[in-house]
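The listed protein sequences correspond, in order, to chains R and P.
Take the first sequence: its letters are residues 36 to 162, numbered as in my numbering.
Take the second sequence: its letters are residues 36 to 162, numbered as in my numbering.
Here is the structure we will look at.
Number of protein chains: 2
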Amino acid sequence: MPSCGDFCPSSCPLMKPVVRNLFKKTPSTGGGEEIQPLFEGQSFRLESIHSHGQPTPTGFWYDQAGDEWVLLARGSARLEIEGEGMMDLTSGDHLLIPVGCRHRVDCVSDDAVWLALHSGVTLHSAQ
Amino acid sequence: MPSCGDFCPSSCPLMKPVVRNLFKKTPSTGGGEEIQPLFEGQSFRLESIHSHGQPTPTGFWYDQAGDEWVLLARGSARLEIEGEGMMDLTSGDHLLIPVGCRHRVDCVSDDAVWLALHSGVTLHSAQ
């Protein structure tokens, strides 16, 4: 656990609100998505995802351990939901993907930025 | 608790991913912000806020019961943090406002849309 920053307990005297920007360009890893943790708690984790135009590899399905809410904050994408087919998404579209609902990103624009909120993830067992 | 929809337990056979759009125009209530719950869990609540250009009334401070992460997803705003002064925010800016950190919206554009993720809120005591 970092000593300070966004994940610092609010009782930390060094904790100050710091503004960051979701759309700030991140360096491409050259091979796929870049995931940045933003905020986490006892049973949730919020992260941003810069896709860099990289879809989910063919044949791979995400199968989350908990419910996941996703927002396409910028760009466009096509999401494939197993048993439901394709969903074309544009900036501002959001949906809840329930646990056990397999899904993948079929295609995605270079500038796409997602927010993902994972529920039911126990991150801090001491809390 | 609704019988289905975004808050439906994922074990519900009626649960299907439904796409909504964060930027869809909502009718102004005529007097302030419009808050829409998006996703909630054992210890968190995610909501969207359409500001309709309405700042926090003079002299009023938000003083949350838990840590709160906020994103200005669209528009511009000026946030006042007690003891820190004013912060000018633009689309994509986000910050964590720790519990006990009093704050208010000094001014905000007509088209502003926020996301707010509240932590430490016990919503489902049975879980």
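From the three backbone atoms N, C-alpha and C, an ideal C-beta is built for every residue, glycine too.
As the structure is a prediction and not an experimental result, all values here were calculated from the model.
> Name the chain P residues that come within less than 9 Å of proline 72 of chain R, Cβ to Cβ?
Replying inline: Here the question's residue 72 of chain R lines up with position 37 in the first sequence. Per Cβ cutoff of 9 Å: no residues; proline 72 of chain R is ~11 Å from chain P at best.
> For glutamine 89 of chain P and chain R, any beta-carbon pair shorter than 7 Å?
Replying inline: Here residue 89 of chain P corresponds to residue number 54 of the second sequence, with the count starting at 1. Judged by the 7 Å Cβ criterion, glutamine 89 of chain P is not in contact with chain R.
> Going by other Cβ atoms of all chains shown within 10 Å of its Cβ, with 16 needed for buried, is tryptophan 96 of chain P buried or exposed?
Replying inline: Locating residue 96 of chain P in the second sequence gives position 61, where the first residue counts as 1. Flag for tryptophan 96 of chain P reads exposed.
> Nearest-angstrom Cα distance between leucine 150 of chain P and histidine 85 of chain R?
Replying inline: As a first step, residue 150 of chain P must be located in the second sequence, where it is residue number 115. As a first step, residue 85 of chain R must be located in the first sequence, where it is residue number 50. Spanning the two alpha carbons is a distance of roughly 18 Å.
> CA-CA distance, cysteine 142 of chain R and glycine 88 of chain P?
Replying inline: Position 107 of the first sequence holds residue 142 of chain R. Position 53 of the second sequence holds residue 88 of chain P. So the two alpha carbons sit approximately 36 Å from each other.
> Three or more beta-carbon pairs under 8 Å between the region 98-106 of chain P and the region 123-132 of chain R, yes or no?
Replying inline: no
> Nearest chain P C-beta to tryptophan 149 of chain R closer than 7 Å, yes or no?
Replying inline: If you number the first sequence from 1, residue 149 of chain R lands on position 114. Not an interface residue.
> How would you write the range of the beta strand (DSSP E) that tryptophan 104 of chain R sits in, first residue to last?
Replying inline: In the first sequence, residue 104 of chain R corresponds to position 69, counting from 1. Annotation for tryptophan 104 of chain R: the continuous beta strand (DSSP E) segment containing it runs 103-109.
>> For the beta strand (DSSP E) containing arginine 123 of chain R, name the first residue and the last one.
In response: In the first sequence, residue 123 of chain R corresponds to position 88, counting from 1. Per the sequence shown, residue 123 of chain R should be read as aspartate rather than arginine. From DSSP, the beta strand (DSSP E) with aspartate 123 of chain R extends over 120-125.
>> Less than 7 Å between the beta carbons of aspartate 145 of chain P and arginine 109 of chain P, yes or no?
In response: Indexing the second sequence from 1 puts residue 145 of chain P at position 110. Indexing the second sequence from 1 puts residue 109 of chain P at position 74. Contact flag unset, no.
>> So, for glycine 67 of chain P: in the same chain, excluding its five sequence neighbours on each side, which residues have a beta-carbon less than 6 Å away from its beta-carbon?
In response: Within the second sequence, residue 67 of chain P is the residue found at index 32, counting from 1. Within the same chain, glycine 67 of chain P has close Cβ partners Gln89.
> Identify the residues that DSSP records as bridge partners of glutamine 71 of chain P: which are they?
Replying inline: What you label residue 71 of chain P is simply residue 36 of the second sequence in a count that begins at 1. Looking at the DSSP assignment, glutamine 71 of chain P forms a beta bridge with P:Ser83.
>> At the level of alpha carbons, what is the spacing between glycine 120 of chain R and arginine 55 of chain P?
In response: For the purposes of this step, residue 120 of chain R is taken as residue 85 along the first sequence, with counting starting at 1. For the purposes of this step, residue 55 of chain P is taken as residue 20 along the second sequence, with counting starting at 1. Distance between the alpha carbons of glycine 120 of chain R and arginine 55 of chain P: 17 Å.
> Distance, Cα to Cα, leucine 57 of chain R vs serine 83 of chain R?
Replying inline: To locate residue 57 of chain R, count along the first sequence from 1; it is residue 22. To locate residue 83 of chain R, count along the first sequence from 1; it is residue 48. Their Cα atoms are separated by approximately 7 Å.
> Are the C-beta of leucine 57 of chain R and some C-beta of chain P separated by less than 7 Å?
Replying inline: As a working note, residue 57 of chain R is residue 22 in the first sequence. So yes, leucine 57 of chain R belongs to the interface.
> With distances taken from CA atoms, which of P:Leu152, P:Val148, P:Leu114 and P:Glu117 is nearest lysine 59 of chain P?
Replying inline: Walking along the second sequence from the start, residue 59 of chain P turns up at place 24. The residue among P:Leu152, P:Val148, P:Leu114 and P:Glu117 with its C-alpha nearest the C-alpha of lysine 59 of chain P is P:Val148.
> Applying a beta-carbon distance threshold of less than 8 Å, which residues of chain R neighbour histidine 129 of chain P?
Replying inline: Taking the first residue of the second sequence as position 1, residue 129 of chain P is located at position 94. Those within 8 Å of histidine 129 of chain P in chain R are Val54, Arg55, Asn56, Leu57 and Leu73.
> Got a sec: is the Cβ-Cβ distance from methionine 121 of chain P to anything in chain R below 7 Å?
Replying inline: Counting from 1 along the second sequence, the entry for residue 121 of chain P is found at position 86. It does not; no Cβ of chain R falls within 7 Å.
> For glycine 110 of chain R, which residues in chain P fall below 7 Å Cβ to Cβ?
Replying inline: To locate residue 110 of chain R, count along the first sequence from 1; it is residue 75. Here the premise fails: no neighbours, minimum Cβ distance about 13 Å.
> Does the beta carbon of serine 154 of chain P come closer than 7 Å to any beta carbon on chain C?
Replying inline: Here chain C cannot be found, since the structure's protein chains are R and P.
> Candidates R:Gln77, R:Val53, R:Gly94 and R:Ile116: which alpha carbon is nearest valine 53 of chain P's?
Replying inline: On the second sequence, residue 53 of chain P is found 18 positions in, with the first residue counted as 1. When only C-alpha atoms are compared, the closest one is R:Ile116.
> With distances taken between CB atoms, is the gap from aspartate 98 of chain R to arginine 113 of chain R smaller than 7 Å?
Replying inline: Here residue 98 of chain R refers to the residue found at position 63 when the first sequence is read from its first residue. Here residue 113 of chain R refers to the residue found at position 78 when the first sequence is read from its first residue. Contact: no.
> Which residues in the same chain as proline 48 of chain P place their Cβ atom closer than 8 Å to its Cβ, once the five residues preceding and following it in sequence are excluded?
Replying inline: Walking along the second sequence from the start, residue 48 of chain P turns up at place 13. At proline 48 of chain P, the pLDDT of 46 sits below 50, so the modelled position is not reliable; the number obtained from the coordinates is stated separately. Excluding residues within five positions, none has a Cβ falling inside 8 Å.
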